[in-house]
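J.: Residue 221 in our numbering is what sits at position 212 of the sequence shown, and the numbering runs on without skipping anything. Even glycine gets a Cβ: it sits at the ideal position worked out from N, Cα and C. Note that the coordinates shown come from a computational prediction; the quantities given were computed from them, not determined experimentally.
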Amino acid sequence: MKNSTLKIFLIIAFISLLCGCFSTHETEVIQGAGYKNSKIQWGFKKIEGKCPEVPSQWSELLKKYDGFYTGDTASKKLYLTFDEGYENGMTARILDILKKENVTAAFFITGSYLKTQKELVLRMVNEGHIVGNHTRNHPSMPEVLSDKKLMEEISSLNDGFFSLTSLNMKYLRPPKGEFSERTLAISQKMGYKTILWSNAYVDWVKNGNTKQNAFNKVTKYLHGGCIILLHAVSEENTEALSEIISFAREKGYTFVSLDDL
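1) Can you list, in chain order, the residues of its chain whose CB lies under 6 Å from that of glutamate 57, leaving out five sequence neighbours each side?
2) Note down the Cα distance separating leucine 159 from glycine 120, rounded to an integer number of angstroms.
3) If you reduce the DSSP assignment to three classes, tell me which class glutamate 152 lands in.
4) Tell me where the alpha helix (DSSP H) around phenylalanine 275 begins and ends.
5) Specify the secondary structure class of leucine 270 as computed by DSSP and reduced to three states.
6) With a cut-off of 8 Å on the beta carbons, I'd call leucine 123 and glycine 94 a contact; round off their distance for me.
7) Using a 10 Å radius around the Cβ and a threshold of 16 neighbouring Cβ atoms, would you call alanine 241 buried or exposed?
8) Measuring straight from C-alpha to C-alpha, what distance separates leucine 89 and aspartate 156?
9) At the level of alpha carbons, what is the spacing between aspartate 92 and phenylalanine 188?
10) So, under 8 Å CB-CB, isoleucine 139 and tyrosine 180 are touching, yes? Tell me the CB distance rounded to an integer number of Å.
11) According to DSSP, which residues form a beta bridge with histidine 3?
12) Exposed or buried, which one is valine 211 when buried takes at least 16 other CB atoms within 10 Å?
13) Quick check on leucine 205: does DSSP put it in helix, strand or coil?
14) Tell me the DSSP secondary structure of lysine 260 in three-state form.
15) Which term fits leucine 154, buried or exposed, when burial requires 16 or more other beta carbons within 10 angstroms of its beta carbon?
16) Bridge partners for threonine 79 per DSSP, in chain order?
17) What would DSSP say about aspartate 126, mapped onto helix, strand or coil?
18) Is alanine 115 near glycine 141, with beta carbons less than 8 Å apart?
19) Buried or exposed: where does serine 47 fall if 16 or more other Cβ atoms within 10 Å of its Cβ makes it buried?
20) Tell me which residues share the same chain as asparagine 216 and place their Cβ nearer than 8 Å to its Cβ, disregarding the 5 neighbours each side in the sequence.
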């Protein structure tokens, strides 16, 4: 009897050990594979009318892990994207303009935005726009050292979005433009394309910004394949948006979806 009990105990212990090993492997496989976690702060040297200069090691890293900061630079295509950390009363106006101008854009949302702005998120989807993942809590991704916690930052937002729309997110923008080889690898393994940008300015604070300033800063650095980042909290961006679209079209550009990348 004692031998039978001992055998059962050993079998249960062995099965538990196996399950524990598989669980640990599942959450630590990315980090254990030797990916570097040195933080990269996205930025570049702007060149008027041309694609910005980016360190070659960064562009190669992005290419390796399905990351983009621009589309085909030989094309006349533009990609319009907005970051949505919180609602400042501008998004409905932006959607009105996009609908009037027949432009498809991408909106990168956070967990708090999804929680508080469900109607706007549904409108984005219903009007043909892409809704992208900006993580649940907007952390610096390389600073989330646990692979499991980082994956939860991404997957929990997608789960909430799926519950609302029956759609999965396909694109991810790293908060603050901070990423590493490790975070790119995790995003790729979760099925995401990482989307950075090649045209942006400090538009999330007033700081003397005006409608004309917003127009000038965006249009000056348009180029083939340009991924434009605007923050939807900016009233000046919203006021200038129609004129930016018209100017770009006059220069022969067309606005296309991230699905065209």
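T.: Per the coordinate set shown:
1) Lys229
2) 14 Å
3) helix
4) Beyond the ends of the chain as shown, which are 10 and 270, falls residue 275; an answer cannot be given.
5) coil
6) Wrong, their Cβ atoms sit about 11 Å apart, outside the cutoff.
7) buried
8) 31 Å
9) 16 Å
10) 6 Å
11) Nothing in the structure corresponds to residue 3, since the chain is present only between 10 and 270.
12) exposed
13) coil
14) coil
15) exposed
16) Cys235
17) Residue identity differs from the one stated: residue 126 is glutamine in this sequence, not aspartate. Three-state DSSP puts glutamine 126 in coil, outside helix and strand.
18) yes
19) exposed
20) none
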